[in-house]
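Following the UniProt record's numbering, the numbering of the sequence shown begins with 1 at its first residue and continues without gaps. Cβ coordinates follow ideal geometry from the N, Cα and C atoms, glycine included. Remember, it's a predicted structure, so these values are computed and weren't measured experimentally.
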Amino acid sequence: MSEEILVNVTPRETRVAVVENGMLQELHIERGWRRGVVGNIYKGKVQRVMPGMQAAFVDVGLDRAAFLHANDVVRAVPATNGDEVEVPPAPVAATPIVELLRDGQDIVVQVVKDPIGSKGARLTTQISIPSRYMVLLPQSKVIGVSARIEDEAERLRLKTLVGELAATHGGHGYIVRTNAEGQTQEALAEDIAYLSRVWALVEQRSREAAMGACIYEDLTLPLRAVRDLMRRDVEKVKVDSRETCDRLQAFAAKYMPVLAERIEHYAGERPIFDLYGVEDEIGRALEKEVPLKSGGYLVIDQTEAMTTIDVNTGSFLGQRNLEETVYRTNLEAAQSVARQLRLRNLGGIIIIDFIDMDDPEHRRQVLRTLEKALSRDHAKTTVYEFSPLGLVEMTRKRTIESLERQLSESCHECGGRGTVKTAETVTYEIFREITRAVRQFEAARLLVIASPKVVARITEEESPAVAELEEFLGKSIRFQADEQYLQEQFDVVLL
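Structure below.
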């Protein structure tokens, strides 16, 4: 499988695209005025303890107070970027939040989830600091290994090595990341030494910093991309900024010298995202419908509570019978769903409505295809069996806003509903408002200002109704079209 990472840098925005076999799989965006805060460590102050919620709101200097649950005060945090770790499950917090925190208390916390929508950031007191091959857990003694490293001998080697190295650097806990597979003792020792220096600096700043100060900030997007996404199967990292390319090469030379030569500057005249068709893919990723090669299609609806994905056969008729057609469409849809989840960065609860299949083996194969396609996802996913209604329920870890929420805003016409009232509906609302206004206030005549489409309908199709209304009220009514008015907006002016 051919994989490349493309880095597009402009003065106020940086974008990183992961392209596999010529197809865009992931897109990461960082804007200068709004960098994500996941991974940042702050010195905060407890604003309010909420015993009924077993949680507290903490001021960390962001726009909104952040949320800290009792479980996150006492329970360790899993590795970032989808590295699953085999560690003993932590018990659910039994200690009341009022015994853990008090109003006005200073506290060092880390952001585990960006502010999303109207919700503030999610916090934890269990600090974790990632590097190329490790995640440092300074308040733990556990040595865990990513579940994605499957070779038992390699798992044992890494766990033994890291355990020995950790003992000489404060005895902290570590998670061994997927990138560490096959690495030498020297490379791992360098990583642990780096993390020890970072933690010493965090401890010093936590003592000296003022409330609301950021005492540790994660790397910028291009550096994070090289640290987290660059693996042995990545052929090239192409960067369209010479300055950023130099910075990435220096970073790679220090932390991953074997891969440093794969980072190169793109100096072509054509924009790098245009060359690879990424811009077109971004546009398609904001559409609700996703066409399948077979002629079927997906319909993706993102709501506050969950994301639903509906699979349809469309124009695909198949070669044999209906069951075979449905099966083939669902297999293709399973792969497309996995790609769309990564590309659109959809998280939380996801419900997939595959086309109904009678054959249990077909259902198993579709589920297996979905799980296999999700195996390359950096975010942690959990897929459940088909429900009695034929739906597949799954979850995908969400730490930042989806691509749609990052690039789009609610429609100014419909206010995010996805629909607007018809011109006919608005027309009858205007008639009712005219009647209400005449009964309340004295006026010789009335002026109605509305959108051109609504005024056109009133003056053409509804002109007999307007004449009847004028006769009934004994008033003259004039209509004026205004391009600035949205379809649902209108004003009734008494003259």
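Proximal residues to residue i (C-beta, below 8 Å), its chain only, five neighbours per side dropped
| i | result |
| --- | --- |
| Q249 | A260 and I263 |
| D103 | V46, Q47, R48 and V49 |
| L469 | F431, I434, T435 and I477 |
| R368 | none |
| G416 | S410 |
Cutoff 7 Å; reference residue i; Cβ partners in own chain excluding five residues on either side
| i | result |
| --- | --- |
| T178 | D83, S146, R148 and I149 |
| V290 | Y297, L298, I300, S336 and Q340 |
| F441 | L494 |
| residue 498 | What the structure shows of the chain is the stretch from 1 to 495, and residue 498 is not part of that stretch, so it cannot be assessed. |
| A253 | A260 |
| A65 | Q47, F57, V58, D59 and G120 |
| R227 | R132 and L219 |
| L229 | I5 and V18 |
Span separating the alpha-carbon of residue i from that of residue j
| i | j | result |
| --- | --- | --- |
| L286 | L403 | 8 Å |
| D463 | A334 | Reading the sequence as shown, one finds Ser at residue 463 and not Asp. Going from the Cα of S463 to the Cα of A334 covers about 54 Å. |
| L298 | E281 | 16 Å |
| E4 | A373 | 18 Å |
| R478 | C411 | 30 Å |
| G212 | A450 | 49 Å |
| R247 | K453 | 55 Å |
| L370 | A338 | 7 Å |
| L156 | E13 | 42 Å |
| K159 | H378 | 22 Å |
| A187 | Y255 | 8 Å |
| L62 | W199 | 23 Å |
| G32 | Q183 | 35 Å |
| T220 | T422 | 47 Å |
| residue 498 | V73 | As displayed, the chain neither begins before 1 nor continues past 495, which places residue 498 out of reach and without an answer. |
| L435 | G418 | According to the sequence displayed, residue 435 carries Thr and not Leu. So the two alpha carbons sit approximately 30 Å from each other. |
| G163 | D151 | 18 Å |
| E16 | R364 | It should be noted that the sequence gives Val, not Glu, for residue 16. The alpha-carbon atoms of V16 and R364 are separated by roughly 35 Å. |
| D106 | Q302 | 38 Å |
| G173 | K397 | 23 Å |
| R405 | S118 | 12 Å |
| A167 | S2 | 39 Å |
| V9 | K43 | 31 Å |
| A180 | G295 | 42 Å |
| P257 | V383 | 37 Å |
| A465 | E304 | 42 Å |
Other residues of its chain near residue i: CB distance less than 6 Å, five sequence neighbours each side excluded
| i | result |
| --- | --- |
| residue 568 | Residue 568 is absent from the structure shown; the chain starts at 1 and stops at 495. |
| C414 | V420 |
| Q110 | I41, T124 and I127 |
| V92 | Note that V92 scores a pLDDT of 45, beneath 50, so its modelled location is shaky; the value from the coordinates is reported in the next line. Same-chain partners within the cutoff: there are none. |
| V7 | V16, P222 and V239 |
| Y485 | A450 and S451 |
| D310 | V299 and D353 |
| E401 | I116 |
Residue nearest to residue i in terms of C-alpha spacing, selected from the options
| i | options | result |
| --- | --- | --- |
| K45 | C214, Q54 and E243 | C214 |
| L24 | R344, G104 and F354 | R344 |
| D356 | K397, A379 and T313 | T313 |
| N71 | P96, A253 and A187 | P96 |
| Y266 | S241, D191 and I107 | S241 |
| R328 | I309, T303, F354 and T244 | F354 |
| L446 | T220, L407, M394 and F490 | F490 |
| R376 | R207, T10 and V18 | V18 |
| A456 | E483, E243 and K43 | E483 |
| P51 | R64, H69 and A65 | H69 |
| G171 | H28, N21, V142 and Q185 | V142 |
| H28 | T381, Y485 and R342 | R342 |
| A225 | V258, T244 and L322 | T244 |
| V366 | K43, V9 and E332 | E332 |
| E217 | R207, M230, L201 and D228 | L201 |
| V426 | K475, T459 and E488 | E488 |
| K293 | N330, L473 and E269 | N330 |
| V399 | L161, G283 and R122 | For the record, residue 399 in the displayed sequence is Thr; it is not Val. Considering only alpha carbons, the answer is R122. |
| P138 | D358, E26, F472 and E203 | E203 |
| T459 | S206, P360, Q480 and H169 | Q480 |
Any non-hydrogen atom of the ligand NAD within 7 Å of residue i CB
| i | result |
| --- | --- |
| D151 | Questions concerning the ligand NAD fall outside what the structure shown contains, since it holds no ligand whatsoever. |
**Report entry** the segment 128-142 touching the segment 185-200, judged by at least three CB pairs closer than 8 Å
**Finding:** yes
Query raised in the report: Would you call the segment 19-38 and the segment 102-117 touching, i.e. three or more CB-CB distances under 8 Å?
Result: yes
**Report entry** Runs of alpha helix (DSSP H) lying entirely within the segment 367-424, each at least 4 residues, in chain order
**Finding:** 403-407
Query - Ordered list of beta strand (DSSP E) runs contained in the segment 212-287, each at least 3 residues - result: 214-216, 234-239 and 263-265
Requested in this report: Kindly provide the ranges of any beta strand (DSSP E) runs that are 3 or more residues long and lie completely inside the segment 135-207, ordered along the chain.
Outcome: 143-145 and 173-176
Report task. Would you check if there are 3 or more beta carbon pairs closer than 8 Å linking the segment 268-279 to the segment 380-400? Result -> no
Report task. Entirely within the segment 443-491 and at least 3 residues each: give me those beta strand (DSSP E) ranges in chain order. Result -> 445-450 and 476-481
Query raised in the report: Do three or more CB pairs link the segment 57-67 to the segment 225-239 at distances below 8 Å?
Result: no
Query raised in the report: Can you list, in chain order, the stretches of the alpha helix (DSSP H) that have 4 or more residues and sit fully within the segment 310-348?
Result: 322-344
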